[in-house]
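Heads up: the structure comes next, in structure tokens.
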């Protein structure tokens, strides 16, 4: 008689994004619900999406990741059904949990598409899982979030490969590398390991890619102007580099696992335009969502939770983050911005 496996499904849990023009404002209303964001601000952000026909790039890339993960698990195990849910747009988590319950799923692992610890990148997803499970009641599967993976060797190898390929576009001339991540309020950062983890991941990535001239900057700031957020910004850093004579830059969005509107608009349009104004040639490294080392990592993270004898890989001398975050981890109020 075989032992019952500890989990019977994997859930890919992400942010979500609109699939067409009619989705844009309802999606943004979901994202900003309870934050008192002026309607004019939502309409201004909606215009960013309309430049892409109202379609966020995140959806195409998540569907591709879903297929890649299914193939990886079927090929190398553990073989599991894989579901996809989002926080802010279809397929929404409560609906997917109900579907999982109908299919007899009792206990699932959740892979959240955020590598770093913060309120918006980790705790908010755990809270959303708990709320959705509670709303479904006793029929809901039990869902456990997979650990943070910013330190996983496969994640860093994928990042380093993306950076190397972007650097190679410049031929024999070495560019400066600007790693980017989503800014968060300083009050949130003070309660989370976000900054430290980002700097560690940048250092590991740069070392593997053979990069010595690099920096981390923050992008996509929102919220009230008087609320301090993490700095320096991408824009300020590029301007400073231009005064230092920099003419070639690779932007590496290490804080984003897959293509987001924040990458497609804030980097590919806004940052690219700023670089042109400053006389800087810019190449943007791809996100790691479609990299084979990422799907390998996801399989390994699942395997860790199935078998305690499977090595828990980490580049940290002290080992990987815990499977379950402490109760007070990243505890902070969501910003009003």
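In the numbering used here, the protein residues as written are 274 to 610.
All residues carry an ideal CB built from backbone N, CA and C; glycine is no exception.
From residue 336 to residue 532, what does the alpha carbon distance come to, in whole angstroms? 12 Å
Kindly provide the ranges of any alpha helix (DSSP H) runs that are 4 or more residues long and lie completely inside the region 430-483, ordered along the chain. 459-463 and 467-482
Beta-carbon spacing of residue 356, residue 369 below 8 Å: yes
Separation of residue 403 from residue 466, as counted between CA atoms: 22 Å
Spatial neighbours of residue 431 within its chain, please: CB distance less than 6 Å, with the 5 preceding and 5 following residues excluded, ordered by chain position. 561, 564, 566 and 567
Pop quiz: residue 439 and residue 576 are said to be a contact at Cβ under 8 Å. What is the actual Cβ separation, rounded to whole angstroms? The Cβ separation is near 31 Å, so there is no contact.
Which stretch, first to last residue, makes up the beta strand (DSSP E) that contains residue 380? 380-385
Whole angstroms is fine: what's the gap from residue 412's alpha carbon to residue 375's? 9 Å
Between residue 344 and residue 396, what straight-line distance do the alpha-carbon atoms span, to the nearest angstrom? 29 Å
Where does the unbroken alpha helix (DSSP H) through residue 499 begin, and where does it stop? Taken as a continuous stretch (DSSP letters only), residue 499 belongs to no alpha helix (DSSP H), as it is neither H nor E.
Assign residue 544 to one of two classes, buried (16 or more other C-beta atoms within 10 Å of its C-beta) or exposed (fewer than that). buried
In or out: residue 377 buried (at least 16 other Cβ within 10 Å) or exposed? exposed
Once you ignore the five residues that flank residue 539 on each side, which residues in its own chain have a CB closer than 8 Å to its CB? 492, 493 and 507
Applying the 10 Å Cβ sphere with the 16-neighbour rule, what's the burial state of residue 591? exposed
Taking its Cβ as the centre, do 16 or more other Cβ atoms sit within 10 Å of residue 313, making it buried, or is it exposed? exposed
Ends of the alpha helix (DSSP H) at residue 341? 330-349
Hey, quick one: how far does the alpha helix (DSSP H) through residue 579 stretch, first residue to last? 565-579
Could you check if residue 352 is buried or exposed, using at least 16 other CB atoms within 10 Å of its CB as the buried criterion? exposed
Taking DSSP as the reference, what is the three-state secondary structure of residue 549? helix
Exposed unless 16 or more other CB atoms sit within 10 angstroms - verdict on residue 274: Per-residue confidence for residue 274 stands at a pLDDT of 44, beneath the threshold of 50, marking its modelled position as unreliable; the derived number appears in the next sentence. The residue in question, residue 274, is exposed, as its Cβ has fewer than 16 Cβ neighbours within 10 Å.
With which residues is residue 418 paired in a DSSP beta bridge? 383
Same chain only: Cβ atoms within 8 Å of residue 408, ignoring 5 sequence neighbours per side: 367
Excluding the five sequence neighbours on either side, which residues of its own chain have a C-beta within less than 6 Å of the C-beta of residue 610, listed in chain order? Here residue 610 scores only 35 on pLDDT, less than 50, and its place in the model should not be relied on; the value that follows carries that caveat. So the list reads 495, 496 and 497, once near-sequence residues are dropped.
With burial defined as no fewer than 16 other Cβ atoms inside 10 Å of the residue's Cβ, what is the status of residue 478: buried or exposed? buried
DSSP beta-bridge partners for residue 506? 491
Relative to the alpha-carbon of residue 500, which residue among 341, 460 and 489 has its alpha-carbon at the smallest distance? 460
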